[in-house]
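These notes are about the structure you will find just below.
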Amino acid sequence: MSIDQQHLTREELLLFMDGEMDDKAATQAGVHLARCRECSMALERVEESMKKLDALYRAENLHASEGERQRSLLQARLRQETKERSLRWWQSPLLQPMTYAAAALLVAILSVGLIQRHAMEQSGYSAGKLVPNPKFTPGATRQVAYEEICPAQNDDKDPAVPTSMQQAVFKEYRVRRSARAHEFQVDYLINPQLGGTGEIRNLWPQPYGPTLWNAHAKDDLEDRLHQMVCNREIGISEAQHELATNWIAAYKKYFNTQTPLRKEAALAAVRDDEAWMQR
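Under my numbering, the sequence shown has 112 at position 110, and the numbering climbs by one with no breaks.
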């Protein structure tokens with residue numbers, strides 16, 4: 003702290019509390035805290051807030067490493083707020099209640115988020131999720147020209163996704179380890195034949211089991227869009243947008259159906275067999 007400074011800043015209080023000050027600064031801060039009741043009380047309030055946050059983590063059985071990460075996040079937010087303010091907190095008594103209320107609100111928000119995350123980890127990612135989470139998979143593309151993708155056939159020869167990348171996708175979506183091999187395939191949201199990249203932002207765990215809208219249906223849509231692009235019925239960017247926004251809605255739009263054509267064909271075959279057996 004500077005010689006003419008009357009009180010410790012919140013940033014200095016946090017540094018002192020965590021033992022991150024150099025020896026000279028720590029000595030000056032310690033002397034000041036011993037003499038200044040206002041700063042001493044402020045330090046106690048900060049310590050109490052951190053203790054409550056740590057207690058909440060423990061109550062929810064969260065890992066210590068996660069608690070440290072969120073604690074660091076709270077400290078970083080407080081430090082950044084300190085740097086951005088032109089007036090110091092002790093110069094405006096009216097701002098003090100607002101500051102502590104904001105800190106309490108941040109603790110509450112972090113707590114709710116961690117509880118929800120804990121619940122999600124317990125339940126896992128479901129095979130019923132037919133479209134990717136846009137937060138994790140908004141789609142990613144590279145610049146491609148018409149001549150590059152046409153008239154080559156879209157033969158679904160997508161580059162294999164490296165195992166390490168697949169595991170990163172499964173972890174991001176919190177897919178249970180026991181369900182990874184037989185319920186999902188890590189697929190491109192925008193397939194490479196239409197300019198999609200291999201970035202994690204363009205990958206998601208797609209169910210390919212008995213669900214109606216599975217990987218087979220999406221492959222059919224990719225074939226259709228590729229054909230339409232090469233016939234110049236739609237542009238490349240439009241095809242990419244259709245895949246990234248909602249591929250199921252795009253399937254219904256371009257195939258003019260409410261159910262996958264493969265499913266309809268299978269049902270028709272079953273009906274034919276039943277009719278033949280009833281003769």
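Just so it is clear, CB atoms sit at the ideal spot from N, CA and C, and this is done for glycine as well.
Residues that DSSP places opposite residue i in a beta bridge
i	result
Q208	Q187
G198	T143
Cβ shell of residue i (< 7 Å), same chain only, five flanking positions each side left out
i	result
W215	L132, I250 and P262
L17	M23
C232	C152 and P153
Q118	Confidence at Q118 is low in this model, with a pLDDT of 48, below 50, so the placement of that residue is unreliable and no value is reported for it.
R234	none
Euclidean distance between Cα positions of residue i and residue j
i	j	result
F257	E13	60 Å
D221	L15	58 Å
L10	E174	41 Å
K137	R37	50 Å
S239	K254	19 Å
E149	Q242	16 Å
L35	P134	53 Å
S166	V33	53 Å
W278	R264	For W278, the pLDDT reaches just 42, beneath the cut-off of 50, and the residue's location in the model is therefore unreliable, although a value from the coordinates is still provided. Roughly 21 Å between the two C-alpha positions.
Q8	P164	58 Å
A31	E50	19 Å
N248	Q168	22 Å
T29	E40	18 Å
Q93	K26	Residue placement at Q93 is poorly supported in this model, since its pLDDT is 49, which falls under 50; the coordinates are not used for a value here.
Pair within 8 Å by beta-carbon distance, residue i and residue j
i	j	result
M19	V48	yes
A217	Q208	yes
R203	T143	no
G200	P153	no
8 Å Cβ shell around residue i - same chain, five flanking residues per side excluded
i	result
L245	G141, L191, I192, N193, L196, G198, L223, E224, L227 and A252
V146	L196, G197 and I238
Q260	K254
W206	P134, N135, F138, T139, V171, Y175, V188, D189 and L191
Range covered by the alpha helix (DSSP H) that runs through residue i
i	result
W249	I238 to F257
F172	T165 to Y175
C232	A217 to C232
K137	Element bounds for K137: n/a, residue is neither H nor E.
H34	D25 to R37
I192	From DSSP, I192 is part of no alpha helix (DSSP H); its letter is neither H nor E.
E235	Here E235 belongs to no alpha helix (DSSP H), and DSSP marks it neither H nor E.
Same chain, Cβ closer than 6 Å to residue i, neighbours up to 5 away in sequence not counted
i	result
I236	M230
L45	L15
R182	F172
S42	L35
S180	none
Proximity test, residue i beta-carbon vs the ligand SAM heavy atom, cut-off 7 Å
i	result
V171	Ligands displayed in this structure: none; no statement on the ligand SAM is therefore possible.
Proximity test, Cβ basis, 8 Å: residue i and chain D
i	result
M23	Reference to chain D is not applicable here, since this structure consists of a single protein chain.
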